[in-house]
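Top to bottom, those sequences are chains A and B. Using full-length UniProt numbering, the letters of the first sequence map in sequence onto residues 1 to 781. Using full-length UniProt numbering, the letters of the second sequence map in sequence onto residues 1 to 781.
There are 2 protein chains.
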Amino acid sequence: MGNRMRTFLAGATIALAVQMAQAQAQDTAAQRAYAAVDPFIGTGGEGHTFPGATLPFGMVQLSPDTRIQARKDAYGWAAGYRHSDDTIVGFSHTHFSGTGHSDLGDVLLMPVSGDAKLERGDPDVPGSGYTSRYSHATETAAPGYYAVTLADAGVRAELTASARVGVHRYAFPQGKPAHVIVDLRTSMYDYPGKVQWSRIRVRADGTVTGMRETRGWAPGRQLYFALRFSQPLAGHALQDTEQNVPYKGFPPPGEKDSAQRAQIEGRQLVARFDFGDRLSAPLVAKLAISPVSEDGAIANLDAEVPGFDFDRVRAAAQAQWAQALGVAEVDAPAPMRKAFFTALYHAFMGPSLFMDSDGRYRGPDNAVHQAKGWTHYSTFSLWDTYRALHPLLTIVQPEQRNADIVNSLLASRRESPYGVLPVWAFHGLETWCMIGYHAVPVIADAYMKGIRGFDADEALDAMVASASYGPYDGIAQYMQLGYVPIDEEGEAASKTLEYAFDDWTIFRMAQALGRKDLAATFGKRAANWKHAFDPATGFMRARKRDGSFRTPFDPDASGYGTDYTEGNAWQYSWYVPQDVAGLAAAHGGADKLLARLDAVFDAKVDPKVFAHMEDITGLIGWYAHGNEPSHHVAYLYAYAGQPWRTQARLKQIMDTQYKPTIDGLAGNDDLGQMSAWYVFTALGFYPVAPGSNQYILGRPFVRKATLNLPNGKRFSVVADGLSDANAYVGGVTLDGKPLHRAFITHQELMAGGELRFAMQAQPDKDWPGAGAQAPYSMSAQ
Amino acid sequence: MGNRMRTFLAGATIALAVQMAQAQAQDTAAQRAYAAVDPFIGTGGEGHTFPGATLPFGMVQLSPDTRIQARKDAYGWAAGYRHSDDTIVGFSHTHFSGTGHSDLGDVLLMPVSGDAKLERGDPDVPGSGYTSRYSHATETAAPGYYAVTLADAGVRAELTASARVGVHRYAFPQGKPAHVIVDLRTSMYDYPGKVQWSRIRVRADGTVTGMRETRGWAPGRQLYFALRFSQPLAGHALQDTEQNVPYKGFPPPGEKDSAQRAQIEGRQLVARFDFGDRLSAPLVAKLAISPVSEDGAIANLDAEVPGFDFDRVRAAAQAQWAQALGVAEVDAPAPMRKAFFTALYHAFMGPSLFMDSDGRYRGPDNAVHQAKGWTHYSTFSLWDTYRALHPLLTIVQPEQRNADIVNSLLASRRESPYGVLPVWAFHGLETWCMIGYHAVPVIADAYMKGIRGFDADEALDAMVASASYGPYDGIAQYMQLGYVPIDEEGEAASKTLEYAFDDWTIFRMAQALGRKDLAATFGKRAANWKHAFDPATGFMRARKRDGSFRTPFDPDASGYGTDYTEGNAWQYSWYVPQDVAGLAAAHGGADKLLARLDAVFDAKVDPKVFAHMEDITGLIGWYAHGNEPSHHVAYLYAYAGQPWRTQARLKQIMDTQYKPTIDGLAGNDDLGQMSAWYVFTALGFYPVAPGSNQYILGRPFVRKATLNLPNGKRFSVVADGLSDANAYVGGVTLDGKPLHRAFITHQELMAGGELRFAMQAQPDKDWPGAGAQAPYSMSAQ
């Protein structure tokens, strides 16, 4: 397709989006869903979310960065923004939503008026740099839109975004020179040598392009950009501020006069672009990113935002968000609607589009590849998101998106130098963060739920390859011994447990594909959790190669070097979602297991015990809702025949761990996993064991919710008599028929219909009743 | 074209080359030309050549590196090899031939037996690293082939090359473990932070790929490679030895056991590949490079060297060289034939192919581009090579190659962030080394000589753009004042003079294209040399903006900050090749100019005056044959009506500045310029003013030479009566008719025929005679 045609089509797409936005203005549900979102939720406290502008699953996340910290202090600023800060450094184009590690923050722009400093300065010394004070009173945020007044510069700054383009609108004060700083040095935190190389080029037509290559969370990451302004440049300056080992080559033209420089390369680059003091209208800056090249960024810019119509881009963003959020209609009090739709909003932050408009992207081999027939995504926080985020997307996003996600995982495996599926990947690159091979349950769950559009045989091969890659985290020993030996590999108990679950999903998919050999192998491996169970203590523990459990053993202990990953024995000992019945049997029966679960929730725990662990937050006893290993635990009561206990624990969690406020998330949102838990739980069901096609029933927290399923059907949840006092389920009907089991199936959900809960003040300890069908448990099949 | 087809064709090409090699075994001339070459000429002394294996204009130059120096000592090791060293560090795949600056040295391989150290060690302490001693007695080199015995490892190592692939054959001693070290750290010299990023990946099929990104002579240079061994790997180790700021990410699989690592990334990488102690045949390693990607390198490997037949690749290299060198047949004593064909060999070292087998390459914007319809070259040492190297290629290489060179220059200009033609470019990137815009005379000379196959209008546009780019080296001031002012730009006299010459070639081409406007503008600019001429001292000098010459003035002074580039007033004051008659007139007549030239050659000069200038070597008085500003000077006598004085000076130069020995080059070969001077001068003529289509006659130094011109014609030079005593020309005939002028034209040369010199002991001061047509001089037209 020629450029002109592509530009035309992009224009047509935007026009269509605007039409849709107008249409949806009459669509009360979608509009009300959009209006309910508060992007500031989680920007304080532990949430690590950002308030800036992005599309659902967009490649650009354009958001203010409030402070740049030293690496050791970077945890709290992983999203760039902390609501408690009173300064803004600038607006950068890529952010993680809710992570515990910090990276991205690519291409920081900052409007400045008057004297323009090229250093960000000390945030505590106003005027010492281009950093500006701001007041929350001037801030506005909605999905796809953010605005703030920069007090020091006197600039009203607005942000919006298309998929690959961040669009800024800056209203400068009259009569003072207007500038835009472009800083390639800042990158969420300061780290010596983080920028491996970077480039800024001012082209003859005023387009500014460049790249930065960084070694942050993932090393060798290249990101390209193209930037255009709505007004011609009156001047510019390009500077390399490196003091450490500056590059000494022959001077390029313009060395003596930065305003004459057409390009600069180095490791500490900053630029100033000048627009004089007579701007007759707000300045619009549009910046496209590309994983491939500067030309790729220019093509993305041309394809998505051909002009400088900020409002048009904003309207298109609003339309896309309204359409996406309109998948749910919720009848609930305003605070809960805000929490619900903001959770849904945060659930659509990842995986992120990672592909140029021509289908090219960069893979885990750091090479450029071409997506043929699918849309490529990256940013896979899989240890978190396989639990509830991907199962949620399977329900509320189009099948094509879910197939694209699987195709992206499969492409990454084809391109992997290790021949394995992503573990924790972003911008195409592998970070090896966290444990497990949890792309496996994502794919298995999608396949079991009928998602097609990818090569199932290749997928199974890829899953088996990931589960069999010996050098990774003790898999060789796991395959030999049936468990990961702690004397050879750290956090061995957690790894054994999670591998066994992932293996069970391979077993499921192999069964579905008629691959009996693989089903036998991985069915056996799925029982490996038993090797971690210590009957003497009732905890999951790590064994040594000689078969003995490691001693001394402290079930309270957590941290690197222990048996567990971001947790302790109290938190990790219930991770057998594929076989809760087996777990209960191991404990000596369901009652024994129930007592243990109560011991978890009801323990008196001094939170200081986790002072050394950033991620373990949101404590209820030992239960830590702020981190993922706990997320399924409250639902285990239902397996053990006491759904009323699940209902009670869920109320306890919902009441204490989520608020529709700045600090409303008890833990890192982790690319939507915390939010997906909320969405499911508010609706009254949860995917404890992805791959099982079952959702365990909890209780609804909304009066009514209807899901407008992508297949055109509608599935409603109704909570009759719901009130704060009526917190227990007295009975459940599905499509009017009493439901005598504590779960529903994916097939039932996707068929549309109505799930109706009768809420009451007292627990109904008899529901679903003796002889009710139990949820899937492997050993009970 | 599919891979299979491409591989097939590559195989067919090699088969054809082998056939040609066999055919040429009967072609005495080509075979004797090939046999006459001694690649060791220039590897000692000032030549900076390398003895390794490459094809004519090949992308790979595979050669031993003898020592790695600190950057401050790197000058003498710019080609990696110094004959005076007695150790070899390894064999790397890219080298400059004859430069004064140092870079490349990409992907160093070293065979080791027994205990394999990963550090190169101290060359003065045998066994302290993988560096090995060697003896010149074991060395063999021929075009496309090099062999040596590594004494410490006991390995016989042979090297050969195709265009993009280096092929190694290592015969290991029996009974000891055989290893190959791959070192990405070494790069001709040590410089902190030079390697920006690098990667080594061991693929499942045993292919090793990787990349390195360096900031050396040009920053941000990326080079990719793919390596295969003829024997399966028995093991491997991948190490990052960085001590300064090592990358701290999450450990990839195999962190604990290097043998399990599939990939390593970092800034100081080295690998060891193991082959056990039972190799039944010599190990063949083939390594392809690519400017684009690892996949590009694999494709290059597959396309050019599908198997592991070292001898087949060697035979094909020999065939290509014999064909290229067979352009000349020379009747001369063996030492002169050796010097002549080695000079021709060195003249075919650059520009170098810089394009993958699929036509992709990297441009000065560091982006990947696709050559459509031409072969892309880089490594343009233009300040040197516009003088004689490119004019030589215009005669002895196919028109397509010369058109490809022009197309490569034009592509680089299209891709240039500055919109200008290359200045000193390699691997696609601009270094801004030296002065002038000498791609301009290369293109003009090619066009004036009838080279077609490029867009002449675009070429003229590009030439004008380069000559009008204000920020570069004082061009803005030059366009304003008619000279470069020394108070605003260093080395201003040299710049004014060279710009004026380059401008004259634009004038010539604009005239030829009927662009009268441009011809007028640049014809005027061509006379700007007059602004540098100081009648009071008779020297070219630098003026200040106020029009006065800078004082104090010392015609002996050279160095950075002076009026001149790598020279002094004695050396630079004759640089008006476009208007020697005008220069003579400025001096007050030809006799005055002649006296000044004698003063140059006959001065008593203490060489210590240039001790601070690495490049000014090969002194005869002030005449410095080791550097390019002097190269045309001896021929100026002929312009002034005294060709016999040119003949005498040429003998003086040929007798003292060239020897067919290790230290046989008086200065850096500079990508073939020193050698091209030799080839022309040995044949009896020289292109003093590229763009004039005239070759000034000197005198032949060979009894007879025949050029097998690419158009199928044959042009012979005969020196009747030639002897050491008969050093003067008594008369000249062209095709049997007496020639009454001291030049021939390109048209005459390309028409074929015979140029016959009658050599005699006494100068013929009357030839070419009163009223003889003078060579081109602009002011005389």
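Note that the Cβ used here is the ideal one computed from N, Cα and C, for glycine as well. Because the structure is a prediction, the values reported are computed rather than measured.
Burial state of A:Tyr686 (16 or more Cβ within 10 Å): Buried.
Interface partners of B:Glu265 on chain A, CB under 7 Å: Chain A residues near B:Glu265: Pro219, Gly220.
Enclosing alpha helix (DSSP H) for B:Trp767 [first to last residue]: No alpha helix (DSSP H) contains B:Trp767, which DSSP labels as neither H nor E.
Backbone secondary structure at B:Asn407 - three-state DSSP: B:Asn407: helix per DSSP, three-state reduction.
Short CB-CB distance (under 7 Å) between A:Asp764 and chain B: Taking Cβ atoms only, chain B never reaches closer than 7 Å to A:Asp764, which makes this a no.
B:Val717 to B:Ala371 span [Cα, whole Å]: Going by the C-alpha atoms only, they are around 39 Å apart.
Close beta carbons around A:Asp724, own chain, < 8 Å, minus the five adjacent residues each side: Correct list: empty, nothing qualifies.
Short CB-CB distance (under 7 Å) between A:Pro471 and chain B: Chain B places a beta carbon closer than 7 Å to that of A:Pro471, counting this residue as a contact.
Proximal residues of chain A, C-beta to C-beta of B:Phe553 below 7 Å: Residues of chain A passing the Cβ test: none, with the nearest at roughly 25 Å.
Cβ-Cβ separation, B:Tyr637 to B:Arg645 (assumed contact under 8 Å), whole Å: At roughly 4 Å, the Cβ-Cβ gap stays under 8 Å, so B:Arg645 and B:Tyr637 are in contact.
Chain B contact for A:Gln69 (CB, 7 Å cutoff): Under the Cβ criterion of 7 Å, A:Gln69 is not counted among the residues facing chain B.
Whole-angstrom distance between A:Leu497 and A:Thr565, CA atom to CA atom: Whole-angstrom Cα-Cα distance: 11 Å.
B:Gly42 at chain A interface by Cβ criterion, 7 Å: Output row for B:Gly42: interface = no.
Partner residues on chain A for B:Pro173, Cβ-Cβ distance less than 7 Å: The premise fails here: B:Pro173 is roughly 32 Å from chain A at the closest Cβ pair, so nothing lies under 7 Å.
Neighbourhood of B:Ala758 by C-beta, 6 Å cutoff - its chain only, sequence neighbours within 5 removed: The beta carbon of B:Ala758 lies closer than 6 Å to those of Asp720, Gly730, Gly731 in the same chain, with the five residues before and after it left out.
Reference A:Thr681; option with closest CA among A:Ala339, A:Lys592, A:Phe310: With distances taken between Cα atoms, A:Thr681 lies closest to A:Ala339.
Beta carbon of B:Trp321 nearer than 7 Å to that of B:Pro555: No, they are not a contact pair.
B:Glu458 burial status per 10 Å Cβ neighbour count (16 or more: buried): A residue is called buried when at least 16 other Cβ atoms come within 10 angstroms of its Cβ; B:Glu458 does not meet this threshold and is exposed.
DSSP-derived helix/strand/coil call for A:Pro775: Three-state DSSP puts A:Pro775 in coil, outside helix and strand.
Interface flag, A:Tyr564 vs chain B, CB-CB below 7 Å: No, no contact with chain B.
Residue range of the beta strand (DSSP E) that includes A:Trp197: Note, A:Trp197: beta strand (DSSP E), 195-202.
Cβ contact check for the segment 165-180 of chain B and the segment 374-385 of chain A: 3 or more pairs under 8 Å: Cβ pair count under 8 Å is below three, so no.
Simplified DSSP assignment, three categories, for A:Gly672: Here DSSP, grouped into helix, strand and coil, assigns A:Gly672 to helix.
Cutoff 7 Å; reference B:Leu9; Cβ partners in own chain excluding five residues on either side: Only weak support is given to the placement of B:Leu9: the predicted model assigns it a pLDDT of 41, under 50, and the value that follows is read from those uncertain coordinates. None.
Beta-carbon spacing of A:His740, A:Ala774 below 7 Å: For A:His740 and A:Ala774, no; Cβs fall outside 7 Å.
C-alpha gap between B:Leu104 and B:Trp77, whole angstroms: For B:Leu104 and B:Trp77, the distance between alpha carbons rounds to 12 Å.
Integer-rounded CB distance, given that A:Lys286 should sit under 8 Å from A:Val396: Contact flag wrong, Cβ pair sits at about 30 Å.
Per-residue burial, B:Tyr130 [other beta carbons within 10 Å of its own, 16 or more giving buried]: Burial is judged here by how many other beta carbons sit within 10 angstroms of a residue's own beta carbon; B:Tyr130 has at least 16 and is buried.
Simplified DSSP state of B:Asp534, which is helix, strand or coil: Here B:Asp534 carries a strand assignment [DSSP, helix/strand/coil].
Rounded distance between the beta-carbons of A:Val37 and A:Phe341, thought under 8 Å: With 8 Å as the limit, A:Phe341 and A:Val37 qualify as a contact, their Cβ atoms being about 5 Å apart.
Proximity test, Cβ basis, 7 Å: A:Tyr418 and chain B: With 7 Å as the cut-off, A:Tyr418 counts as an interface residue toward chain B.
Proximity of A:Thr214 and A:Val195 at Cβ, strictly below 7 Å: Contact: yes.
Contacts that A:Thr207 makes with chain B (C-beta to C-beta distance below 8 Å): Result: empty, since nearest Cβ-Cβ is about 11 Å, beyond 8 Å.
Start and end residues, alpha helix (DSSP H) containing A:Gly753: For A:Gly753, no alpha helix (DSSP H) segment is defined; the enclosing uninterrupted segment is the beta strand (DSSP E) at 753-760.
Any chain B beta carbon closer than 7 Å to A:Arg215: So, interface residue.
Chain-order list of residues whose beta-carbon lies under 7 Å from that of A:Gln762 (same chain, five-residue window excluded): If we look at A:Gln762 and ignore the five residues flanking it on each side, its Cβ neighbours are Tyr728.
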